[in-house]
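So that you can map any letter, position 100 of the sequence shown is 102 in the numbering used here, and since no number is skipped, the others follow by simple counting.
Here a beta-carbon is modelled for each residue, glycine too, at the ideal position from N, C-alpha and C.
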Amino acid sequence: MAHDFLQPLTGSFAQPAGENPTVAMIEAAFRHHGLNWRYLNCEVAPENLGDAVRGARAMGWKGFNCSIPHKVAVIAHLDGLGGSAEIIGAVNTIVRRGEKLIGENTDGKGFVRALSRVTDPKGKRVVLLGAGGAARAVAVELALAGVAHITVVNRSRERGETVAALINAKTPASADYAAWAETFRIPAGTGIVVNATSIGLYPDIEATPDIDYDTLSPDMVVADGIPNPPLTKFLKAAQARGCKTADGLGMLVGQGVIGLKYWTGLDVDAEVMRQALLDLGL
Ligand code: NDP
């Protein structure tokens with residue numbers, strides 16, 4: 003019987019890397035689909051990023067993820083960027099296309115994929131809480147998916163205004179910035195409310211974004227980027243007011259599904275990946 007002991011390689015470069023559950027999710031998909039591939043979770047310090055990318059190149063890796071703190075710095079080591087990664091200015095998934103390493107950003111795409119199972123974002127008005135890396139990726143992909151308008155609500159004015167200006171300059175959607183100095187009231191006519199801040203992430207699971215929850219109405223869809231715990235206090239409050247919700251685990255799984263499509267060409271089973279994360283206690 004012929005054997006092939008050369009496994010196609012993928013993986014992740016980050017620091018810290020030890021708490022990143024992506025390896026469990028991706029390898030569950032490899033097993034489920036009978037792919038003899040590997041995903042190697044690597045701790046890479048900033049000063050070693052260039053060597054790590056050159057190593058991946060030399061060893062013929064099919065692609066890899068980059069997480070904190072490499073999402074912007076890795077761009078200098080790549081041969082090109084996908085369309086939305088170029089606008090976002092950050093990369094979380096690198097794909098080998100021929101001899102080239104191309105940077106893509108699947109954070110926002112994964113979010114839109116998960117959200118689209120609950121609502122069609124086209125033409126909707128969005129309130130986006132947060133203006134960090136995740137919020138920026140979510141804003142750009144929502145805009146490219148056809149939302150009409152995004153109100154960026156953020157504590158730091160400068161970051162909030164930067165994301166709103168990016169949407170106005172580089173996408174078909176319009177955007178404005180709203181200050182977050184006091185409890186934020188969701189405007190009537192809002193279709194989608196997104197928490198893209200880090201508020202509510204384990205272990206601060208009691209924390210909630212400072213909005214007036216009585217301004218949520220049942221016709222609004224409420225989404226959270228926080229993957230752990232999946233059912234945040236924010237989403238519980240929204241469900242109690244009759245809103246449909248999309249959780250951050252769906253976003254995490256969604257970006258993995260899209261990354262695996264880039265690397266393997268396959269449409270992998272999202273449920274298998276979600277279950278692998280739930281089995282970890284997420
Ligand atoms: P950043 O540090 O870049 O941004 C954090 C954001 O949260 C900023 O807008 C910050 O506001 C805001 N924020 C933090 N604390 C508070 C507070 N107490 N009150 C008001 N605003 C606050 O982080 P990222 O954007 O990279 O990540 C944000 C979250 O998104 C993470 O917790 C992560 O879990 C989640 N994420 C989920 C993914 C998934 O696949 N599910 C993928 C990527 C991220 P300010 O600008 O004023 O400081």
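Less than 9 Å separating the beta-carbons of Ile-152 and Val-120? For Ile-152 and Val-120, no; Cβs fall outside 9 Å.
Which word fits Lys-346, buried or exposed, when buried means at least 16 other C-beta atoms lie within 10 angstroms of its C-beta? Nothing in the structure corresponds to residue 346, since the chain is present only between 3 and 284.
Which same chain residues, not among the five before or five after Val-142, have their C-beta less than 6 Å away from its C-beta? Ser-86, Ile-89, Ile-90, Gly-110
Taking C-beta to C-beta, are Gly-112 and Gln-17 nearer than 9 Å? no
Own chain residues within Cβ distance below 6 Å of Met-27, not counting five before or after: For Met-27, where only same-chain residues beyond five positions count, the Cβ hits under 6 Å are Gly-258, Met-275, Ala-278, Leu-279.
Specify, as a first and last residue, the run of the beta strand (DSSP E) that Arg-40 falls within. 40 to 45
Determine the extent of the alpha helix (DSSP H) in which Asn-170 is found, giving its start and end residues. 159 to 172
Near Asn-230, which residues of its chain fall below 6 Å by C-beta distance, leaving aside the five closest residues on each side in sequence? Correct list, in chain order: Tyr-204, Leu-284.
Touching by the beta-carbon criterion (3+ pairs, under 8 Å), the region 258 to 271 and the region 133 to 142: no
Closer than 6 Å by C-beta to Leu-80: which residues in its own chain qualify, once you throw out the five before and the five after it? Chain order, please. Leu-103, Gly-105
Less than 9 Å between the beta carbons of Val-223 and Gly-202, yes or no? no
Write down every uninterrupted run of the alpha helix (DSSP H) in the region 76 to 147 whose length is 4 residues or greater and which is fully enclosed by it, in chain order. 85 to 90, 109 to 117, 135 to 146
Asp-226 bridges to which residues according to DSSP? Bridge pairing for Asp-226: Asn-197 [DSSP].
Contact under 9 Å by Cβ, Phe-7 with Val-55: no
Give a yes or no on whether the C-beta atoms belonging to Phe-66 and Thr-12 are separated by under 9 Å. yes
Relative to the C-alpha of Gly-62, which residue among Ile-96, Gly-84, Leu-51, Gly-82 is closest? Ile-96
DSSP state of Gly-65 mapped onto helix, strand, coil: strand
Quick check: the Cα distance between Ala-60 and Glu-101, rounded to an integer number of angstroms? 10 Å
For Ala-2 versus Ser-69, is the C-beta spacing smaller than 9 Å? Limits of the chain in this structure are 3 at one end and 284 at the other, which puts residue 2 out of reach.
Under 8 Å from any heavy atom of the ligand NDP, does the C-beta of Trp-182 make it? Answer for Trp-182: yes, Cβ within range of the ligand NDP.
Apart from the five residues just before and just after Arg-161, which ones in its own chain have a Cβ nearer than 6 Å to its Cβ? Ala-133
Helix or strand or just coil, what does DSSP make of His-151? strand
Per DSSP, what kind of secondary structure is Ile-28 in: helix, strand or coil? In the structure shown, Ile-28 sits in a helix (DSSP, three-state: H, G or I).
Could you give the DSSP three-state label for Ala-175: helix, strand or coil? Coil.
Between the beta-carbon of Asn-50 and the beta-carbon of Val-25, is there less than 9 Å? no
With distances taken from CA atoms, which of Leu-146, Gly-250, Ser-219 is nearest Pro-174? Leu-146
Rounded to a whole number of angstroms, what is the C-alpha to C-alpha distance between Trp-265 and Thr-164? 32 Å
Should Pro-189 be labelled buried (16 or more other beta-carbon atoms within 10 Å of its own) or exposed? exposed
Opposing strand residues paired with Ile-213 [DSSP bridges]: Phe-186
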